[in-house]
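Engineer: Heads up, the sequence shown is in the working numbering, so the first residue is 360 and it goes up one at a time.
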Amino acid sequence: MTNVTSALIGRGIYDPTEAAHLVRVHPAVLTRWTTGKQSLVTPAFERFFDFEDLISLLVIAELWRRNVQTSEIRRGIEVLADEFGVDRPLAHIDASKRLATVGKAFFANIGEWADAGKGFQLAFQPMIEPVLRPIEYDTLGMAHLWRPVELVTATPDVQAGTPCIETTRVPTTTIDGLVRVGEKVEDIAFDLDLEIEQIEAALRFEAALRDQLLAHEVFAS
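#1: Have a look at V583 and A420 and give me their C-alpha separation to the nearest angstrom.
#2: Can you tell me where the beta strand (DSSP E) holding D474 begins and where it ends?
#3: Pick from L416, I524, D453: whose alpha carbon is nearest that of L553?
#4: Rounding to the nearest angstrom, what Cα-Cα distance links F404 and D412 in this structure?
#5: If you measure between the beta carbons of A561 and T526, is that distance less than 8 Å?
#6: Quick check: what's the CA-CA separation for L422 versus T460?
#7: Does DSSP classify F479 as helix, strand or coil?
#8: Return helix, strand or coil for A403, following the three-state DSSP convention.
#9: Give every residue of the same chain whose Cβ lies closer than 7 Å to the Cβ of S322, excluding the five residues on either side of it in the sequence, and list them in chain order.
#10: Taking all protein chains shown into account, do 16 or more other C-beta atoms lie within 10 angstroms of the C-beta of V517, making it buried, or fewer, making it exposed?
#11: Express the C-alpha separation of V400 and I452 in angstroms, rounding to a whole number.
#12: Would you kindly work out how many angstroms separate the C-alpha atoms of E565 and D535, rounded to a whole number?
#13: Starting from A420, trace the alpha helix (DSSP H) both ways and give me its first and last residue.
#14: How about P337 and R424: do their beta carbons lie closer than 8 Å?
#15: Does the beta-carbon distance from F410 to A467 come in below 8 Å?
#16: Using three-state DSSP, classify I452 as helix, strand or coil.
#17: Using a Cβ-Cβ cut-off of 6 Å (strictly less than) and excluding sequence neighbours within five positions of R370, which residues of its own chain qualify?
#18: Check whether the Cβ atoms of V529 and L551 lie closer than 8 Å to each other.
In structure tokens form, the structure reads like this:
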């Protein structure tokens, strides 16, 4: 048990339902991405994901929303893993600087913009939009902090990776839960020694997770 506990420290841990909630997809979609012989992400802890898995899933979800085909995402991950020399390239700093999508394609900058999903066939596009949300990286170049909105962060070093109000250990779910049972924002701020702006940021984040859940796309490719 001690060895298992040690392996979890500083890694973050998310069950499938929580991971699906944070990347804003239906659990059935996440299951399709993470099970089977051709999964896009293999959970770090059998049925549970770590923080790097979560960041990888965030990128995959963004590509999927742009209608990039699952087969192209899988091929892109394989090519990038080989190019960058890491197991989870979508959570690596090189990917954060060099990944983009244009239309329905999946691109990486390896000197020139090329289509990773199609084996780096060269592609020339005038405009590129970043895939990744604001991420900070550790000294090994792997994702270590996610700031989905201002004043909210998630890092495996705090509350096992649960999104919290920045610089605190207060989960955004705690704030949301208190408001949903009738607590006033002012009272929560006073009791937890927080600013109103911090409370409002937590509530915006939790509301966005609920509002943007793509349940109607369960069977999309």
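C-beta: ideal position from N, C-alpha, C; glycine also.
Structural biologist: This is what the structure gives:
#1: A question about residue 583 goes unanswered here, because the residues of the chain that appear run from 360 up to 580.
#2: That run of the beta strand (DSSP E) goes 472-474.
#3: The shortest C-alpha separation from L553 is found at I524.
#4: It is roughly 10 Å from the alpha-carbon of F404 to the alpha-carbon of D412.
#5: Contact: no.
#6: Inter-residue distance for L422 and T460 is about 7 Å (C-alpha atoms, whole angstroms).
#7: Residue state for F479 is assigned as coil, using DSSP reduced to three classes.
#8: Three-state result, A403: coil.
#9: A question about residue 322 goes unanswered here, because the residues of the chain that appear run from 360 up to 580.
#10: In the assembly as shown, V517 is a buried residue. Its beta-carbon has 16 or more other beta-carbons within 10 Å.
#11: Distance between the alpha carbons of I452 and V400: 18 Å.
#12: Roughly 7 Å separates the two Cα atoms.
#13: In the DSSP annotation of this structure, the continuous segment of the alpha helix (DSSP H) that includes A420 starts and ends at 410-424.
#14: In this structure the chain extends from 360 to 580, so residue 337 is not present and cannot be described.
#15: For F410 and A467, no; Cβs fall outside 8 Å.
#16: In the three-state reduction of the DSSP assignment, I452 falls in the helix class, which pools H, G and I.
#17: Cβ within range, chain order: D409, P515.
#18: Yes. Within cutoff.
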